[in-house]
Amino acid sequence: MKTTAKIFLLLLLVGIVSPGCKKLLNVDFDADFKAKMDVSVPPTSLKATSYFFDETDIIDPTTDADYKKYADKIVGLQVNSVTGTVTSISKPVTLVTATIEVSKTGFTTVSWTVTNTPIVVGTSMTLANTDSQFSDLEDILRDTNPITVRYYGETDQDDVDFTYEITFSTTVTANPL
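Structural data, given as structure tokens:
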């Protein structure tokens with residue numbers, strides 16, 4: 650009888666602990682996904698007052714080695730930050746308005762807009778999660794297909810070229826079992 654009780658308690662304990670063990674096997678890793686846009690606002694010959702740009706880049710999440718390794722085993726993804734940085738510029742300008750859009754077919758498009766922002770080399774903008782953008786971005790990044798990043802807007806001057814790099818810093822959780 651004591652042996653039966655011990656076996657029952659052991660099975661009960663194993664039943665309680667087992668689901669937790671699977672969670673213990675989770676692997677967490679940081680992955681930064683970057684889009685680089687070479688922006689060109691062409692010179693105008695007329696007395697224009699509006700100068701526009703519109704650039705796109707594609708991010709393939711599987712270019713990150715860890716993401717690719719665990720792509721079909723991802724159980725969670727958290728966006729930690731979204732940062733835009735000017736890495737080169739031909740002359741200082743002000744972004745009258747600039748919008749960053751992240752899209753993928755079948756998902757909600759995520760966007761941020763900045764206004765009246767002077768930019769020079771090194772200008773960095775941390776984009777806020779004011780409208781639950783991170784949650785929608787997490788859904789987009791969990792899907793392994795390529796992502797389209799669009800950067801468009803208006804500057805206060807023409808004849809300017811700059812490079813804008815957008816970084817999505819994430820922590821990915823995968824379960825290799």
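Numbering follows our numbering, in which position 14 of the sequence shown is assigned residue number 663; successive positions increment by one, without gaps. Glycine included, each C-beta is placed from N, C-alpha and C at the ideal position.
Here's the rule I'm using: 16 or more other beta-carbon atoms within 10 Å means buried, otherwise exposed. How should residue i be labelled?
i	result
residue 769	exposed
residue 806	exposed
residue 725	exposed
residue 711	exposed
residue 804	buried
residue 714	exposed
residue 755	exposed
residue 826	exposed
Considering only DSSP beta bridges, list what residue i is partnered with.
i	result
residue 810	689
residue 821	678, 726
residue 737	812
For my contact list, residue i and residue j are in at a C-beta cut-off of 8 Å; report their separation, rounded to the angstrom.
i	j	result
residue 782	residue 745	That pair is no contact at about 22 Å.
Are the Cβ atoms of residue i and residue j separated by less than 8 Å?
i	j	result
residue 820	residue 709	no
residue 685	residue 775	no
residue 674	residue 778	no
residue 796	residue 751	yes
residue 822	residue 720	no
residue 743	residue 802	no
Given 7 Å as the limit, tell me if residue i has its C-beta closer than that to any heavy atom belonging to the ligand PLP.
i	result
residue 810	Absence of the ligand PLP is noted for the structure shown, with no ligands found whatsoever.
Please go through the segment 777-802 and give each complete alpha helix (DSSP H) segment of 4 or more residues, from N-terminal end onward.
Along the segment 777-802, the alpha helix (DSSP H) occurs as fully enclosed runs of 4 or more residues at 782-791, listed in sequence order.
Contained alpha helix (DSSP H) runs [length at least 4] in the segment 669-733, N- to C-terminal order
Complete alpha helix (DSSP H) runs here, min 4: 714-719.
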